[in-house]
């Protein structure tokens with residue numbers, strides 16, 4: 018007897034509804050996890066906010082758009098990190114929506130939903146998506162760019178050229194990796210007869226004008242600053258080691274898609290007992306060009322990103338694993354054929370739910386269990402609001418002025434930069450990295466110098482005392498983490514530089 022669940026019937030009849038329920042549920046999950054479990058921002062998010070607060074047209078980290086949007090979201094939420102977490106999940110929703118729209122044009126709505134459900138299990142789109150920055154913002158822009166590139170280059174929709182140009186320009190303002198990503202659809206279009214025909218029109222010319230206008234401010238900054246946007250040629254030595262690193266990076270990408278492979282294997286006909294009459298999700302035949310388009314962008318960004326990373330001795334894929342794997346689910350659906358039978362529906366639902374929930378459980382274990390194990394400190398355990406409030410209020414009580422700048426330990430300084438007064442962050446060890454404030458300006462406006470105290474007196478490190486002669490250390494301040502575990506209290510040494 019055939020059993021067809023309500024979910025399968027909804028996938029067939031209301032694929033858009035299933036898409037929104039699944040995507041918004043995952044977004045809500047990853048919105049609540051950091052709010053409930055994190056006391057400090059993950060990864061380099063505090064540094065992103067420190068740079069975004071200055072609204073520089075460009076920095077050593079690259080184009081400015083992600084930093085600006087992070088600061089806008091932070092301020093819109095009343096200087097609360099919730100705004101940035103929400104922005105990160107909006108990026109995730111927009112990315113999945115672009116994948117769904119592209120899949121709907123190629124394989125139809127029902128199978129497009131299956132592609133999105135598979136893509137959601139990729140670990141690159143779970144907890145790493147909380148750490149908003151250029152790589153997270155680039156994901157929806159890249160997915161939307163691929164959608165409109167298909168509509169413009171392979172289907173000849175003139176309206177898609179304008180959207181494509183906007184997304185390309187914004188991508189150039191987001192990440193320097195756009196320099197090698199954007200030509201890929203052009204190369205694919207030149208390889209097909211339809212693509213060459215549509216590329217020969219005037220639409221690409223007008224799109225280039227829009228892209229140039231959007232990227233002009235950053236291009237002017239690059240020219241004036243003399244910063245090279247192109248990396249130097251790689252050092253072609255130890256090729257065996259680089260080849261091994263390339264293989265390791267590809268293995269990590271495959272591991273990130275483990276959920277996709279497990280779900281595919283569990284639905285494999287040869288692993289299902291005979292006699293099961295499974296419901297089928299149908300699609301019309303897929304055009305050969307569309308099939309090649311999906312496979313091309315499922316493989317080439319991953320291969321090139323891992324290759325560039327290996328050549329330049331990097332430990333992560335250039336462009337980010339999110340960009341490399343955004344088409345993985347759709348590629349699997351294309352390979353599955355025109356008829357996708359959903360066998361062992363209850364098992365598939367449980368495996369899918371487990372793949373979605375496991376990264377959240379891993380975060381919980383990291384927060385609750387790891388503090389009791391001797392290991393590296395988790396940045397999310399640092400009480401950012403308490404740290405920023407204490408030093409901001411202490412400076413204001415002593416001087417009668419709001420805290421304008423903070424220097425010293427880069428990690429702690431970035432956390433204080435998120436406080437209510439939003440002080441400038443000075444990297445005193447490398448002042449060129451924070452061009453908006455110089456050491457001389459810091460000594461004039463005053464501020465707080467902080468460091469991790471190693472004694473009860475709060476003696477500053479020798480290099481810090483040399484850069485700020487005459488520092489008078491205050492009594493160190495101790496802070497509790499969310500769970501201290503076996504670690505000692507976070508003890509912060511500090512000194513006030515009074516305004517002149």
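Residue numbers (the numbering used here): 18 to 517.
Backbone N, C-alpha and C define an ideal beta-carbon position, used for all residues, glycine too.
Burial state of residue i, where buried means 16 or more other Cβ atoms lie within 10 Å
{"i": "residue 165", "result": "buried"}
{"i": "residue 262", "result": "buried"}
{"i": "residue 220", "result": "buried"}
{"i": "residue 18", "result": "Confidence is the limiting factor: at residue 18 the pLDDT is only 44, short of 50, which leaves the residue's position unreliable, though a coordinate-based value still follows. Under this definition residue 18 is an exposed residue."}
{"i": "residue 390", "result": "exposed"}
{"i": "residue 585", "result": "Lying before the first or after the last residue shown, residue 585 is absent from the chain, which here runs from 18 to 517."}
{"i": "residue 301", "result": "exposed"}
{"i": "residue 214", "result": "exposed"}
{"i": "residue 182", "result": "buried"}
{"i": "residue 285", "result": "exposed"}
{"i": "residue 471", "result": "exposed"}
{"i": "residue 143", "result": "buried"}
{"i": "residue 395", "result": "buried"}
{"i": "residue 253", "result": "exposed"}
{"i": "residue 332", "result": "exposed"}
{"i": "residue 457", "result": "exposed"}
{"i": "residue 385", "result": "exposed"}
{"i": "residue 473", "result": "exposed"}
{"i": "residue 447", "result": "exposed"}
{"i": "residue 43", "result": "buried"}
Cβ shell of residue i (< 6 Å), same chain only, five flanking positions each side left out
{"i": "residue 500", "result": "388"}
{"i": "residue 174", "result": "168"}
{"i": "residue 189", "result": "195 and 232"}
{"i": "residue 177", "result": "165, 168 and 169"}
{"i": "residue 161", "result": "115 and 184"}
{"i": "residue 101", "result": "87, 90, 91 and 149"}
Among the options, nearest to residue i - alpha-carbon criterion
{"i": "residue 10", "options": "428, 438 and 407", "result": "Absent from the structure is residue 10, since the part of the chain shown begins at 18 and ends at 517."}
{"i": "residue 28", "options": "334, 417, 296 and 187", "result": "296"}
{"i": "residue 92", "options": "151, 67 and 111", "result": "67"}
{"i": "residue 359", "options": "446, 298 and 414", "result": "298"}
{"i": "residue 147", "options": "106, 227, 241 and 206", "result": "106"}
{"i": "residue 156", "options": "222, 205 and 110", "result": "110"}
{"i": "residue 154", "options": "180, 178 and 193", "result": "193"}
{"i": "residue 206", "options": "56, 311 and 265", "result": "311"}
{"i": "residue 259", "options": "352, 59 and 330", "result": "330"}
{"i": "residue 238", "options": "179, 79 and 436", "result": "79"}
{"i": "residue 24", "options": "318, 328 and 366", "result": "366"}
{"i": "residue 197", "options": "94, 319, 209 and 119", "result": "319"}
{"i": "residue 49", "options": "99, 118, 479 and 458", "result": "99"}
{"i": "residue 422", "options": "447, 463 and 492", "result": "463"}
{"i": "residue 145", "options": "476, 461, 113 and 61", "result": "61"}
{"i": "residue 163", "options": "202, 186, 130 and 128", "result": "202"}
{"i": "residue 31", "options": "225, 125 and 478", "result": "125"}
{"i": "residue 491", "options": "507, 504 and 465", "result": "465"}
{"i": "residue 294", "options": "246, 313 and 361", "result": "361"}
{"i": "residue 3", "options": "187, 152 and 209", "result": "It is not possible to answer for residue 3, since the shown part of the chain is limited to 18 through 517."}
{"i": "residue 335", "options": "186, 248, 354 and 130", "result": "248"}
{"i": "residue 81", "options": "131, 65, 313 and 505", "result": "65"}
{"i": "residue 113", "options": "103, 95, 159 and 229", "result": "159"}
{"i": "residue 75", "options": "414, 129, 495 and 241", "result": "241"}
{"i": "residue 151", "options": "180, 187 and 121", "result": "187"}
Residues that residue i bridges to, as DSSP identifies them
{"i": "residue 354", "result": "Answer is none; residue 354 lacks a bridge partner."}
{"i": "residue 465", "result": "423 and 513"}
{"i": "residue 298", "result": "357"}
{"i": "residue 442", "result": "423"}
{"i": "residue 502", "result": "Residue 502 is not bridged to any residue."}
{"i": "residue 140", "result": "According to DSSP, residue 140 bridges with nothing at all."}
{"i": "residue 496", "result": "507"}
{"i": "residue 76", "result": "79"}
Spatial neighbours of residue i in its chain, beta-carbon cut-off 8 Å, leaving aside the 5 residues before and after
{"i": "residue 453", "result": "71, 73 and 441"}
{"i": "residue 401", "result": "56, 57, 58, 63, 98, 432 and 435"}
{"i": "residue 418", "result": "412, 463 and 516"}
Cutoff 7 Å; reference residue i; Cβ partners in own chain excluding five residues on either side
{"i": "residue 427", "result": "444"}
{"i": "residue 266", "result": "323, 326, 327 and 334"}
Count the CB pairs spanning the segment 123-140 and the segment 272-286 that are closer than 8 Å, and state whether there are at least three. Judged by Cβ distances under 8 Å, the segment 123-140 makes contact with the segment 272-286, as three or more pairs qualify.
Practice problem: Determine, using beta-carbon pairs with one atom in the segment 22-38 and one in the segment 403-413, whether at least three such pairs fall under 8 Å. | Solution: no
*the segment 502-516 / the segment 477-491 touching (three or more Cβ pairs under 8 Å)*: Taking 8 Å as the limit for Cβ pairs, the verdict is that the segment 477-491 does touch the segment 502-516.
Quiz item: Are the segment 337-350 and the segment 362-376 touching, with three or more C-beta to C-beta distances below 8 Å?
Solution: With the cut-off at 8 Å, the segment 337-350 and the segment 362-376 do not touch.
Exercise. Check whether the segment 121-135 touches the segment 341-356, taking contact to mean three or more Cβ pairs, one atom from each stretch, closer than 8 Å.
Key: yes
Note to self: Below 8 Å, how does it come out for the segment 296-310 and the segment 233-244: are there three or more Cβ pairs, yes or no?
What the structure shows: no
| Does the segment 319-334 come close enough to the segment 375-387 that 3 or more CB-CB pairs lie under 8 Å? | no
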